[in-house]
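Position one of the sequence shown corresponds to residue 1 (full-length UniProt numbering), numbered consecutively onward.
We put the CB at the ideal spot given by N, CA and C, even for glycine.
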Amino acid sequence: MRKIFKFEFEIRKADTPSGWETAAALREYLFPYIAYELEAISSTGAPSDATSQDIDQAIKKAFLKLDKEIMEQGATAITGPSFLNEAMSQIGPAYSGSCALVSYYHSESQLLKVACTGDSRAVLGRRNSAGKWEAKALSRDQTGYNKDEVARLQKEHPDEPELVKGGRVLGLAVSRAFGDGRWKWSRQVQEEAQRRFFGPQLREHFVSPPYLTALPIVTTTKIEPENGDFLIMASDGLWDHLTSEQAVDLVGRWLTTHDVTKENPAPDLAQAANSTPVHEILNRQNPNPNMAYTDIQAADEKQFVVKDDNAATHLTRNALGGGNEDMLCGLLTISPPYSRNVR
Numbered sequence: 001m002r003k004i005f006k007f008e009f010e011i012r013k014a015d016t017p018s019g020w021e022t023a024a025a026l027r028e029y030l031f032p033y034i035a036y037e038l039e040a041i042s043s044t045g046a047p048s049d050a051t052s053q054d055i056d057q058a059i060k061k062a063f064l065k066l067d068k069e070i071m072e073q074g075a076t077a078i079t080g081p082s083f084l085n086e087a088m089s090q091i092g093p094a095y096s097g098s099c100a101l102v103s104y105y106h107s108e109s110q111l112l113k114v115a116c117t118g119d120s121r122a123v124l125g126r127r128n129s130a131g132k133w134e135a136k137a138l139s140r141d142q143t144g145y146n147k148d149e150v151a152r153l154q155k156e157h158p159d160e161p162e163l164v165k166g167g168r169v170l171g172l173a174v175s176r177a178f179g180d181g182r183w184k185w186s187r188q189v190q191e192e193a194q195r196r197f198f199g200p201q202l203r204e205h206f207v208s209p210p211y212l213t214a215l216p217i218v219t220t221t222k223i224e225p226e227n228g229d230f231l232i233m234a235s236d237g238l239w240d241h242l243t244s245e246q247a248v249d250l251v252g253r254w255l256t257t258h259d260v261t262k263e264n265p266a267p268d269l270a271q272a273a274n275s276t277p278v279h280e281i282l283n284r285q286n287p288n289p290n291m292a293y294t295d296i297q298a299a300d301e302k303q304f305v306v307k308d309d310n311a312a313t314h315l316t317r318n319a320l321g322g323g324n325e326d327m328l329c330g331l332l333t334i335s336p337p338y339s340r341n342v343r
């Protein structure tokens, strides 16, 4: 029996950069937490002995358990006696935030499970009877634009009309996440963080935390290997530029023509990016200095190309300009914190 785990994490993109610490903690601990819970539901230690519902609950338990420990350790560091360096190492993963997207595939049953917390997305690509690639989203973006999420939040926090505005939960784009202590900690903990560690002020309209949960939504899909099924897992950074259908179409093109990329390797992006100043590249694409970056993209129709040996690189290239080398190189050259506004 072969068991496959795949994990994808996204560092939170909020109104201000909130750090990488939560994503780093997930990379180190989420896999062992899930593995432990899967072993615990079977007398033989093999997840195949458990029911599909048992596996779903085990994954959910692992998510919630890890987030609970992250948040409690951060709160203890804020309110209890501790050295500054030690306290900051505990506060970081709880204060910053991250989404998580996990896939679990069992090759014998050909069942694929996807667990999503946040707005990362998993999309299945599958050929239909006509041989055309079709896209099937295996997760839904958990944001303030998701009607089910809004209804859940309104039920959990009645009489708080300002909770979800403009697709955001008290200013945050996602409705589920790991960390993000400003949306989870009590008023007392946050006031102590402000007093001892110069933390930020409470969010406006902060009444009844926690407002976020790390509880994932888990879906189960029967895979059809004979149809060449493939899975795309990506953060919102990709989906801000490509639709699910475009991404599946691009991977389909890559699967069909990937041999061509061996004969036509991608250019050296580092050398190309350094050859022209960023402002000149952007000005070349944008003669109007008042035009926004999103307007530039809309004005320049995407030029999909297949020239990379790696499918993930292929998707990234086409999301950032495709055949428009100037746009691609310019966007890749922009460094943090400005890069988060354009890619």
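Those residues which DSSP pairs with residue i across a bridge
| i | result |
| --- | --- |
| residue 233 | 122 |
| residue 178 | 98 |
| residue 133 | 127 |
| residue 138 | DSSP lists no partner for residue 138. |
| residue 222 | 111 |
| residue 59 | According to DSSP, residue 59 bridges with nothing at all. |
| residue 303 | 322 |
| residue 217 | 116 |
Among the options, the one whose alpha carbon lies nearest that of residue i
| i | options | result |
| --- | --- | --- |
| residue 71 | 183, 197, 85, 312 | 183 |
| residue 153 | 175, 136, 53, 134 | 175 |
| residue 210 | 202, 196, 185 | 185 |
| residue 101 | 216, 338, 84, 337 | 216 |
Cβ-based neighbour list, residue i, same chain, cut-off 8 Å, excluding 5 preceding and 5 following
| i | result |
| --- | --- |
| residue 200 | 182, 194 |
| residue 317 | 266, 305, 307, 308, 328 |
C-alpha gap between residue i and residue j, whole angstroms
| i | j | result |
| --- | --- | --- |
| residue 347 | residue 306 | The shown model of the chain, from 1 to 343, leaves out residue 347, and the question about it has no answer. |
| residue 334 | residue 343 | 9 Å |
| residue 198 | residue 25 | 23 Å |
| residue 315 | residue 251 | 7 Å |
| residue 310 | residue 255 | 10 Å |
| residue 322 | residue 116 | 28 Å |
| residue 94 | residue 239 | 26 Å |
| residue 271 | residue 325 | Residue confidence is low: residue 271 scores 39 on pLDDT, short of 50, so the model does not pin down where it sits. No coordinate-derived value is stated. |
| residue 125 | residue 150 | 29 Å |
| residue 313 | residue 319 | 10 Å |
Proximity test, residue i beta-carbon vs the ligand SAM heavy atom, cut-off 7 Å
| i | result |
| --- | --- |
| residue 87 | For the ligand SAM, the structure offers nothing, since it holds no ligand at all. |
Same chain, Cβ closer than 7 Å to residue i, neighbours up to 5 away in sequence not counted
| i | result |
| --- | --- |
| residue 249 | 133 |
| residue 29 | 66 |
| residue 189 | 75, 78, 79 |
| residue 269 | The pLDDT assigned to residue 269 is 33, lower than 50, so where the model puts this residue is not dependable; a value taken from the coordinates is nonetheless given after this. Correct list, in chain order: 329, 332. |
| residue 164 | 144, 150, 153 |
Close beta carbons around residue i, own chain, < 6 Å, minus the five adjacent residues each side
| i | result |
| --- | --- |
| residue 236 | 119 |
- Message: Pairs of beta-carbons, one from the segment 222-233 and one from the segment 317-329, closer than 8 Å: are there three or more?
- Response: no
- Message: For the segment 126-135 against the segment 148-160, do three or more pairs of beta-carbon atoms, one drawn from each stretch, fall closer than 8 Å, so that the two count as touching?
- Response: Contact between the segment 126-135 and the segment 148-160 is absent, because fewer than three Cβ pairs lie under 8 Å.
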